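A short write-up of the structure that comes next.
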Ligand code: X8Z
Ligand code: ZN
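Numbering (this note's numbering), first residue to last: 1 to 372.
If you want it as structure tokens, here you go:
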């Protein structure tokens, strides 16, 4: 990322042994970086992937149709369709006449089957994936509705965040062809490109997913005082993500407040856990579907066996300790990033070659003096 962004923007702005300015990463919070993939795409044949945003736009797919694609993935696994009320009571697009919270969310209104999403869907790859994420919440909610109220929840909150993402990992070129969005499946030479884009979202998110609650817990414990809220935020951003503030900051700024979950008081470690768990779930469901090829090319869409395995875990809700739920689906009792490493192994090999002889990692600027 640093090398390629340096080529695009110059090494004055992107120091080759320093941090990447956060505004160059294609996301307001620099939490997922896939949106700037075109700037870092490998050259030549390896770069020939496809652009899901373009495919969605070319088909003039509207918000509800995008959501139908997500629903059809779940029904292909054997889940019942969403209830009619989902379609009439959800919010799919940004209303023109009033202000709403556009941060995507999934709702379980009656603990039976009045499930809904609230999202301002745009025709982009990012929102296409997010729809699958949100529907993962809704299908989980409906699957555990026979549990006693106290168990109507995810096995742990990372599980709830990982279901739809595990599904979305199955959105492979073959799957896109199957559902009529892609005409021609690119050859294996495009794997590097596809994996790189995926890593820019999935891997780059890990340090971000980790630091939000680190900051929050330091605030709650009193270790970080109000006068240092913003400094402590950027210290974590520098240390874990290797990104720097676009402009000089001061305690007159409150950058953590721009992240929905901070003022919204939504725990965030769940997303870090989900980033690891989703690859475990995906691998387990691919195995169940009888898939034996390289992990990143697997799509378990259409597999009733995978659907049954998934449903068996979902309907447990929180009635058993999470290691049992994990075991039911994957055979493993511990959260483990092995499946994630396996998925990205071909990319890791390519990246190691690209980075040979280059400085990997970053130096942080000297910390700003602590206020008292
Ligand atoms: O907040 C979300 C979902 C709703 S639970 C859209 N996510 C995190 C975020 O946007 O910060 C999904 C990935 C991380
Ligand atoms: Zn979520």
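All C-beta atoms, glycine included, are put in the ideal place defined by N, C-alpha and C. Keep in mind the model is a prediction, meaning the values are calculated, not measured.
Please report the distance separating the alpha-carbon of residue i from that of residue j.
i	j	result
residue 229	residue 242	19 Å
residue 239	residue 364	7 Å
residue 339	residue 118	31 Å
residue 313	residue 320	10 Å
residue 225	residue 273	28 Å
residue 95	residue 23	28 Å
residue 287	residue 336	17 Å
residue 323	residue 248	45 Å
residue 344	residue 267	27 Å
residue 39	residue 64	31 Å
residue 304	residue 149	28 Å
residue 354	residue 87	47 Å
residue 246	residue 172	35 Å
residue 297	residue 169	9 Å
residue 231	residue 211	14 Å
residue 206	residue 276	9 Å
residue 57	residue 222	48 Å
Could you give the C-beta distance for residue i and residue j, rounded to a whole number, given that I count them as a contact under 8 Å?
i	j	result
residue 375	residue 327	Nothing can be reported for residue 375: it is not among the residues displayed for the chain, which extend from 1 to 372.
residue 325	residue 316	5 Å
residue 195	residue 341	Contact doesn't hold; Cβ gap of about 12 Å is too wide.
residue 127	residue 66	7 Å
residue 167	residue 187	In fact, because the Cβ distance is near 25 Å, the residues do not count as touching under 8 Å.
residue 332	residue 280	7 Å
residue 215	residue 236	6 Å
residue 26	residue 35	3 Å
residue 311	residue 73	Actually they are not in contact, since the Cβ atoms of residue 311 and residue 73 sit about 14 Å apart, beyond 8 Å.
residue 381	residue 70	The chain is shown from 1 up to 372; residue 381 falls before or after that span and cannot be answered.
Sort the options by Cα distance to residue i and report the nearest one.
i	options	result
residue 115	142, 275, 186	142
residue 153	221, 192, 112, 121	112
residue 43	51, 170, 73, 4	4
residue 89	102, 276, 351, 108	108
residue 106	37, 160, 255	160
Within 10 angstroms of the Cβ of residue i, are there 16 or more other Cβ atoms? Answer buried if so, exposed if not.
i	result
residue 292	exposed
residue 8	exposed
residue 133	buried
residue 217	exposed
residue 251	exposed
residue 220	exposed
residue 191	buried
residue 330	buried
residue 14	buried
residue 265	exposed
Can you find the residues in the same chain that come closer than 7 Å, C-beta to C-beta, to residue i, ignoring five residues on each side of it along the sequence?
i	result
residue 147	317, 319
residue 174	185, 299
residue 380	This structure cannot speak to residue 380, because the chain is shown only from 1 to 372.
residue 157	267, 270
Once you ignore the five residues that flank residue i on each side, which residues in its own chain have a CB closer than 8 Å to its CB?
i	result
residue 33	1, 25, 26, 27, 200, 201, 204
residue 100	91, 94, 118, 120
residue 255	230, 233, 234, 245, 249
Can you list, in chain order, the residues of its chain whose CB lies under 6 Å from that of residue i, leaving out five sequence neighbours each side?
i	result
residue 92	63, 64, 121
residue 350	192
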